[in-house]
Every structure is written in C-alpha cells, then in structure tokens.
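J.: The numbers in the sequence shown follow the working numbering, run straight up by one, and end at 296. Pasting a structure here, questions to come.
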Amino acid sequence: MAEGAPGPHDRRGLGRGLAALLADAEGAPQQAGGPRLVELPLDAIAANPDQPRATIDEAALQALAASLGASGVLQPVVVAPAGPDGVHTLIAGERRWRAARLAGLERVPAVVREVGERERLELALVENVVREDLTPIDVAQACACLIEDFGQTHADLAGRLGRSRPAISNLVRLLELPEEVQELIADGAITEGHGRAILMADGPARRARLARRVVAEGLSVRATEQAARRESAEPRPERARPEPTPLGDRALEAFGAAFAAPVRVRGARGGQVVVELRFADETALAAALERLSEPG
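If you want it as structure tokens, here you go:
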C-alpha cells in the first residue's frame, strides 16, 4: 500500500462509485499498474483542461469548503499519473479540489488512475452529469458530447446516469433552443419544463420571443405550452416579392408569348435567375414542345 494511503477499513465514506475506480476491492490484492489510493499535496494536482463544467457557483463552493474544513475530504478526487513535472492532472473532483484549497487544507485523498485522453474526458463528463448542482444546459451539453464524441446512445446514457431514455432525449433537445433561451435556463430565469414547452413553438425567432414573454409575464409551464401552440398556429408572414426589373418584364412577355403559358421569373442563390413555366396539362406541354420543334 502506498505511503499515506488509508487502509481498507477507512474507505467507508469514500463514495459509492469508488468501486468502479479502484482495482483492489475489499480483500483482493492490488494489481500492478492499477488505480492507487494515495494522499497528494494540492499543489501536485492541476485542473483538467478538458473540464466540461462551464461555471462553478462560488456560494456553493464556499459552503463545500466549510464542510471540508470541518469533516475533511471523505471522497477522493481522481487524477492521472504524474507527468515529468511531478504534477497530476485532475480527471474528476475539481469542486472538492478547489474547496479543499479554500478550506486551507494541504493534502487530499486521490485515486491515481491510468487513462487515455478520451477516457479522461468521458469520466469527467459522467462525474459532472450525475451532480445535482449542474444546470440543465450543462447536463444537456455533457450528454450531447457523450453521444456525438463517444458514440453513446440515449439508452446507454439513461442506464449509466440513472435517468429515463425520454429524459435524456428531452435534455439534449434543449440545445435546439436559441442561445439566449439556453442562457435563461442556465441562469434559472426559466425552468427546464419551460424550455421543453418553448420548443413547441416554430422557429428560433418565435421561441426567443416566447421565452422573453415567459420571463416578463411569469408564465407557468402549462401557460407556456398553450402560448407555444398559438404561436405555431399563427400563419407565417409571406416573403416580400422582389420588385420586377426591365429584363424580367421582357422575359415574362417573351416566354409567355412563345409558350402560351403562365410564366414566373425570380432570383435564386448565387445570382441565378429561375424562369418557371406552368402548363395546364400534358396536352398543353406537348403543344409547346411541338412549337419548339417547328423549323424557323
């Protein structure tokens, strides 16, 4: 056992998920090269550059620091083996590491685990997702990363994170909201339920407008759903038709005379011009083709 490491009977408060990180389960021998439970100086640990958590609530961090100051760090952080400079990179437990420093502690218990870069990020994401103090947007972004970057399915995540598959799908869908609406959810101005209701509105502009109305009027989730349905039922304003040009007028006259059919001339992407001919039926189309094949 490494110097300074707690014994097997000191692990009761180390957290339910620790068994998955430690190779030496109760009564089993430590495998060479497997995870090790040690105590490390705080200065021998560096933050994870791939940390998925966007923000850390300062008030919550101060509260955790007070708890650690009174009871010590009961759940270890998880770190990668030390680099050439003797510093370990955090894999999971950044809040505990920062709070321990605020509490004036000099050392923390740590599980040293050999992992690749991909697994390091995945462990950090999972650790963040299961925390209760993350915003729904934080969780949605972490889930999306696990799905897109690591090939996890919604069902996989549901099993790993203790949530239902529809709950995972609903979380990820929040990322379809406009950025300003996501910020309102992250700040707590509106709830995740409001976000799902706002998704019922059609298009980013209507969703953003509805979100601002929810905040201004203090709408409930049910009232937001009703408003979203009304928004989607409203007819979209028609696009303004482009002003006719002299060349377009000439095209209308020439093609209309040549084919004896209604003609539409409109602009398209890249400066292209689209000429649209409408024939009443195949007989009219056949007559136009015959006219084209006539000599002279």
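From the three backbone atoms N, C-alpha and C, an ideal C-beta is built for every residue, glycine too.
Could you please give the first and the last residue of the uninterrupted alpha helix (DSSP H) stretch that includes A287?
T.: Here the alpha helix (DSSP H) through A287 covers 282 to 293.
J.: Take T89 as the anchor and find which of A208, A287, R113 has the nearest alpha-carbon.
T.: Cα-wise, what sits closest to T89 is R113.
J.: Among A288, Q182, I147, L199, whose alpha-carbon lies nearest the alpha-carbon of R230?
T.: Out of A288, Q182, I147, L199, L199 has the C-alpha closest to the C-alpha of R230.
J.: With distances taken Cα to Cα, identify the nearest neighbour of V87 among L102, V265, V139, D43.
T.: Among L102, V265, V139, D43, the Cα nearest to that of V87 is on D43.
J.: Apart from the five residues on each side of it in sequence, which residues of its chain come closer than 6 Å, Cβ to Cβ, to E192?
T.: Only P136 meet the Cβ criterion.
J.: Does at least one heavy atom of the ligand PLP sit under 8 Å from the Cβ of D156?
T.: In terms of ligand content, the structure shown is empty, and the ligand PLP therefore cannot be addressed.
J.: With a threshold of 16 other CB atoms inside 10 Å of the CB of T224, please say whether the residue is buried or exposed.
T.: With 16 or more other Cβ atoms within 10 Å, it is buried.
J.: Considering just the uninterrupted stretch of the alpha helix (DSSP H) at V73, what are its terminal residues?
T.: Note, V73: premise wrong, no alpha helix (DSSP H); not H, not E.
J.: Could you check the C-alpha separation between A197 and R207 for me, to the nearest Å?
T.: Their backbone Cα atoms lie some 9 Å apart in a straight line.
J.: Which residue or residues does DSSP assign as beta-bridge partners of G46?
T.: The question names Gly, but residue 46 in the sequence shown is Ala. According to DSSP, A46 bridges with T89.
J.: Quick one: grab the DSSP three-state call for E276.
T.: In the structure shown, E276 sits in a strand (DSSP, three-state: E or B).
J.: Nearest by alpha-carbon distance to G93: which of V111, F259, R266 is it?
T.: It is V111.
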